[in-house]
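Since the structure comes first, as C-alpha cells, the remarks are kept for the end.
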Amino acid sequence: MTNIDFYLQHSRLSNHIWFEGDSFVDACLYYKSLSPIETVLSFYNPSRFSQRQLRHNYRVVTNMMCLFNNELLRPLDLGMLSAERYFLLVQMMKILLQSPWPSASESVKLIWSSVPDSLISFNELKRYYGAVLDSEVLNNIYDFYSEAIGSKTSYCQPRSLKHLSKCTVRSVMEMNGQLCPKNIEALFIPREVRTYLKLQE
Numbered sequence: 001m002t003n004i005d006f007y008l009q010h011s012r013l014s015n016h017i018w019f020e021g022d023s024f025v026d027a028c029l030y031y032k033s034l035s036p037i038e039t040v041l042s043f044y045n046p047s048r049f050s051q052r053q054l055r056h057n058y059r060v061v062t063n064m065m066c067l068f069n070n071e072l073l074r075p076l077d078l079g080m081l082s083a084e085r086y087f088l089l090v091q092m093m094k095i096l097l098q099s100p101w102p103s104a105s106e107s108v109k110l111i112w113s114s115v116p117d118s119l120i121s122f123n124e125l126k127r128y129y130g131a132v133l134d135s136e137v138l139n140n141i142y143d144f145y146s147e148a149i150g151s152k153t154s155y156c157q158p159r160s161l162k163h164l165s166k167c168t169v170r171s172v173m174e175m176n177g178q179l180c181p182k183n184i185e186a187l188f189i190p191r192e193v194r195t196y197l198k199l200q201e
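Set out below in C-alpha cells:
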C-alpha cells in the first residue's frame, strides 16, 4: 500500500473532509498533480460541481485563452447547459491548457469514466463557443477530448446502461463508505465487472 492509498483509506474511514464542497480530484487538479488521480478514483468519485473549483478553473481558462467579457460564461448565463455540465466542460479545458498531454489525456479519460454525464459533442462545443473561438481552437479542444475518452460524437446522447450502472454502483459504495479496491474485489461478481468498476477498462 502506498502513502496515498493509506491516507485515502483512512480519510474514507474517518469521513475526513478535504475542502468544503471540493473533492480529492479537484485538489489534484488545483495543485497540478495529476498522477494521484487514478488512485484517488479508487476511493472517491470526482466532484461534478464545486463552486470554489469552478471559479478557479474559470480564471485559469479565461487567462490562458485570453477570453474577456465573460465569453466563457456565455453558455451558462444563457441557460444552454447545467452548472454541473459547465463545471465538467471548463475542468476539461483547464486540464488541456495547463497539463502535459499524456497525463492530461489520462486524467480526462478517468474522470469521464466515473461520471454519468453525457459525452461532450463537437456540435455542442461549437454552439457554445463558435462565436468567440476560431474553428482551429475548437477542433483542437475537441480532438483532445475525444481522443482522451476514446469516442467521437456529433450530438449529445445518454451514456450506455453499462456505464450508468457502473456509476450508480460506485456512487452507492462511496455513500456507504465502501468504495475501495479491496471491497470491489470482494464483490461476488465476475472479474471483468470488478475491473470495470475500478475504471481499469
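Going letter by letter, the sequence shown gives residues 1 to 201 in UniProt numbering.
A virtual CB, placed ideally from N, CA and C, is assigned to each residue, including glycine.
Does residue 69 pass the burial test, meaning 16 or more other C-beta atoms within 10 Å, or should it be called exposed? Position 69 of the sequence shown, counting from 1, holds the residue named residue 69. With fewer than 16 other Cβ atoms within 10 Å, it is exposed.
What does the alpha-carbon distance come out to for the pair residue 202 and residue 184? Any answer about residue 202 is impossible in this case: the structure gives the chain only from 1 up to 201.
Using the Cβ count rule (16 or more neighbours within 10 Å means buried), how would you classify residue 66? Against the sequence shown, residue 66 aligns to sequence position 66. Exposed.
Apply the 10 Å Cβ neighbour rule to residue 188 and answer buried if 16 or more other Cβ atoms are within range, or exposed otherwise. Counted from its first residue, the sequence shown places residue 188 at position 188. Classification of residue 188: exposed, given that the 10 Å Cβ count is below 16.
Residues in the same chain with beta-carbon distance under 7 Å from residue 161, minus the five sequence neighbours each way, listed in chain order, please. Counting from 1 along the sequence shown, the entry for residue 161 is found at position 161. Hits under 7 Å: none found.
Using 8 Å as the threshold, is the region 48-58 in touch with the region 72-86, meaning 3 or more CB pairs across them? Flag = yes, the region 48-58 and the region 72-86 touch.
At the level of alpha carbons, what is the spacing between residue 158 and residue 182? Along the sequence shown, read from residue 1 onward, the residue named residue 158 stands at position 158. Along the sequence shown, read from residue 1 onward, the residue named residue 182 stands at position 182. Between residue 158 and residue 182, the alpha-carbon positions lie close to 30 Å from each other.
Looking at the structure shown, is residue 80 part of a helix, part of a strand, or coil, going by DSSP? Counted from its first residue, the sequence shown places residue 80 at position 80. Of the three classes helix, strand and coil, the one that applies to residue 80 here is coil, per DSSP.
Out of 131, 122, 151, state which residue places its alpha-carbon closest to the alpha-carbon of residue 139. Numbered from 1 along the sequence shown, position 139 holds the residue referred to as residue 139. Of the candidates 131, 122, 151, the residue whose Cα lies closest to the Cα of residue 139 is 122.
How big is the Cα-Cα spacing for residue 99 and residue 37? As a position in the sequence shown, residue 99 is number 99, starting the count at 1. As a position in the sequence shown, residue 37 is number 37, starting the count at 1. In this structure, the CA atom of residue 99 is about 13 Å from the CA atom of residue 37.
Complete alpha helix (DSSP H) runs within the region 114-169 (minimum length 4 residues, chain order): Listed in chain order, they are 122-129, 135-149.
Delimiting residues of the alpha helix (DSSP H) encompassing residue 54: On the sequence shown, residue 54 is found 54 positions in, with the first residue counted as 1. Counting along the chain, residue 54 sits inside the alpha helix (DSSP H) bounded by residues 51-65.
Check whether the Cβ atoms of residue 34 and residue 103 lie closer than 8 Å to each other. Along the sequence shown, one-based indexing puts residue 34 at 34. Along the sequence shown, one-based indexing puts residue 103 at 103. In terms of Cβ geometry, residue 34 and residue 103 form a close pair [threshold 8 Å].
Could you check the C-alpha separation between residue 61 and residue 144 for me, to the nearest Å? As a working mapping, residue 61 is identified with position 61 in the sequence shown. As a working mapping, residue 144 is identified with position 144 in the sequence shown. For residue 61 and residue 144, the gap between their C-alpha atoms comes out near 15 Å.
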